[in-house]
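Residue numbers (this note's numbering), protein chains in the order written: chain A, -3 to 186; chain B, 165 to 405. C-beta: ideal position from N, C-alpha, C; glycine also. First up is the structure itself, then whatever we jot down about it.
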Amino acid sequence: MSELLGQTPSQTVGPYYTLRLFKEGENVLVPPGHPGRIAIQGRVLDGDRNPIEDALLEIWQANSAGRYRHPDDHRELALDNGFTGFGRAITDFETGEYIFETVKPGRVPDAEGAFQAPHISLIVQGRGMLNPVFTRIYFSDEDEANRDDLILRGLPAARRGTLIAELVETAVYRFDVLFQGEDETVFFDF
Amino acid sequence: MSEPVIRHYGPKAYADHPPFSYPDYRSTVKRSPTHDLIRIVQTLSETTGPGPAWTEISEEDTDLTTNTGTGSPAIGERIIVTGRVLDENGHGLPGTVVEIWQPNASGRYAHWRETEFPAPLDPNFVGVGQCLTDDHGGYRFTTIKPGPYPWGNHPNAWRPAHIHFSIMGPSLGTRLVTQMYFPGDPLIPLDPIFNSAPPHARSRMIATYDHEVTEANWALGYRWDVVLRGELATPMDERDD
Chain A
-3 MSELLGQTPS QTVGPYYTLR LFKEGENVLV PPGHPGRIAI QGRVLDGDRN PIEDALLEIW
57 QANSAGRYRH PDDHRELALD NGFTGFGRAI TDFETGEYIF ETVKPGRVPD AEGAFQAPHI
117 SLIVQGRGML NPVFTRIYFS DEDEANRDDL ILRGLPAARR GTLIAELVET AVYRFDVLFQ
177 GEDETVFFDF
Chain B
165 MSEPVIRHYG PKAYADHPPF SYPDYRSTVK RSPTHDLIRI VQTLSETTGP GPAWTEISEE
225 DTDLTTNTGT GSPAIGERII VTGRVLDENG HGLPGTVVEI WQPNASGRYA HWRETEFPAP
285 LDPNFVGVGQ CLTDDHGGYR FTTIKPGPYP WGNHPNAWRP AHIHFSIMGP SLGTRLVTQM
345 YFPGDPLIPL DPIFNSAPPH ARSRMIATYD HEVTEANWAL GYRWDVVLRG ELATPMDERD
405 D
């Protein structure tokens, strides 16, 4: 096997990353009035359950037809003009709340030829985090699809709920990210 | 219907990265997972990622000494920082967005949260830029050498001079945010953030002074390559072929 180059170590984004890594509006993936528009909001909580007031959240998702805007996704499904599937949000310095406005993604293939439940990939970083953490946002009104989802099924039953965004009012979901404790959010390695 | 390409990326080499919790950097203690990460198979959700779409809508902004639009240049030691973004197999990654941010020559960030350090702001420097890598993965910035600055982690704590780098790469798992340090900086061995990386990997974060990059009567040159996770040369399930 040929020798690999060593990966450059990860370092924290620190407290000043909003100079570059967040611009107003980057948390809004679809314009007002867009069909199927949803909001996902919540907080990022530390090991003492204090809100992390300077977290960076990045999402990556398929569009409502289930297609990723990516050169590897050649499937003959519609791409929406202007919908990248990428968004950035920061937690509010006072309230600790973040919000994304987007659409619920369609289903994408899993590793065994079936379809995954609708989900959004989420990367969380912040001051005091030396590595990003990777998780997924699923939806509480997709019970049936969630039950069949290969990745959810592979998790200890008691922890699956940490990945389910709760529908709290019409088209508004709540999803908190928790570090540490019994109810810590599931974080992935892949 | 044409099938999507499912690539096989090698694992994040956690042994080459800092731990999540590193008590010498105090803020990590409560902001780190305590359960083990859960290993999942890579699906299209992991092997794709926002990099290419982000590239489509990003523009180059590579001269931090003049990009405030004031018409006057920033004050400080003008430098060129250049290098390549590579994967582990040594392939340059073209068309990848490299975003950077940094303090000015006196170590002051142009950020509302910096209220403690009484160093001057430079009205001609905001300290942000971005570059799209060329066909060989190359990037190049002109900027001001950042100053060291104090922080509250421990008594008389100072961060060595550094530039923050954020890179998406081609897939979700190639996402990397890191910091580039300067050779010979006496603060480096005292810095818990630098030291959070395992000893064998720390030097990968330090740029090299390169006289070939230095431009006469203009700017000193530094070279720094960044290595992201790459595709496995041979997918795991074909190793016995």
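- The beta-carbon of R277(B) is placed less than 7 Å from the nearest beta-carbon of chain A.
- A residue is called buried when at least 16 other Cβ atoms come within 10 angstroms of its Cβ; S209(B) meets this threshold and is buried.
- Residue state for F175(A) is assigned as coil, using DSSP reduced to three classes.
- Counting C-beta atoms within 10 angstroms of its own C-beta, E252(B) has 16 or more neighbours from the protein chains shown and is therefore classed as buried.
- Going by C-alpha positions, Y173(B) is about 7 Å away from R393(B).
- Nearest CB-CB separation between W265(B) and chain A: below the 7 Å threshold.
- Contact annotation: the segment 201 to 216 of chain B does not touch the segment 370 to 379 of chain B, with fewer than three C-beta pairs closer than 8 Å.
- With respect to the C-alpha of V40(A), the residue from G337(B), D200(B), K194(B), W218(B) having the closest C-alpha is K194(B).
- With a cut-off of 8 Å on Cβ pairs, the segment 114 to 126 of chain A is in contact with the segment 49 to 57 of chain A, counting three or more such pairs.
- In the three-state reduction of the DSSP assignment, D185(A) falls in the strand class, which pools E and B.
- Non-local beta-carbon contacts of G213(B) in its own chain, meaning distances under 8 Å to residues more than five positions away in sequence, involve M332, G333, P334, S335, L336, G337, T338, R339 in chain order.
- Neighbours of D180(B) across chain A, judged by C-beta separation under 7 Å: G2, Q3, P5.
- Exclusion of the five residues before and after K100(A) leaves G32, I34, S60, P114, F135 as the residues of its chain whose Cβ lies within less than 8 Å of its Cβ.
- Under the DSSP definition of a beta bridge, Y64(A) lacks any partner.
- Beta-carbon to beta-carbon, Y186(B) and S367(B) are separated by about 18 Å, too far to satisfy the 8 Å threshold.
- When the Cα atoms are used, P237(B) and G2(A) turn out to be separated by approximately 37 Å.
- Interface flag for T158(A) against chain B is unset, since no Cβ pair is found closer than 7 Å.
- The C-alpha of K309(B) is placed about 5 Å away from the C-alpha of E241(B).
- Residue pairing by DSSP puts G38(A) in a beta bridge opposite Y94(A).
- Annotated three-state conformation of L151(A) is coil, per DSSP.
- Non-local C-beta neighbours of D188(B) in its own chain, meaning closer than 6 Å and more than five positions away in sequence, comprise P356, ordered along the chain.
- In this structure, T98(A) lies away from A217(B), with their beta-carbon atoms at least 7 Å apart.
- For the 7 Å CB-CB criterion, T306(B) and I239(B) do not form a contact.
- Annotation: the continuous alpha helix (DSSP H) that includes A141(A) extends over 139 to 144.
- Per DSSP, reduced to three states, the secondary structure at F281(B) is coil, with no helix or strand assignment.
- The Cβ atoms of L250(B) and G301(B) lie closer than 7 Å to each other.
- Not a single C-beta of chain A is nearer than 7 Å to the C-beta of A238(B).
- Close to L17(A), with beta-carbon spacing below 7 Å, are these residues of chain B in chain order: E263, S330.
- Excluding residues up to 5 positions away in sequence, V40, V120, T181 lie with their Cβ nearer than 6 Å to the Cβ of V173(A) in the same chain.
- Spatial neighbours of T229(B) in its own chain (CB-CB distance under 7 Å, excluding positions within 5 residues in sequence) are listed in chain order as P237, A238, R242, T306, T307, I308.
- Looking at the backbone, the Cα of V290(B) and that of R16(A) are separated by about 10 Å.
- As the crow flies, the alpha-carbon of R123(A) is around 7 Å from that of D50(A).
- Here P258(B) is near D299(B), since their CB atoms are less than 7 Å apart.
- Listed along chain B are V205, T207, each with a C-beta nearer than 7 Å to that of A107(A).
- For F184(B), the nearest beta carbon of chain A is closer than 7 Å to its own beta carbon.
- The alpha carbon of A365(B) has as its nearest neighbour, out of A177(B), I170(B), S166(B), the alpha carbon of A177(B).
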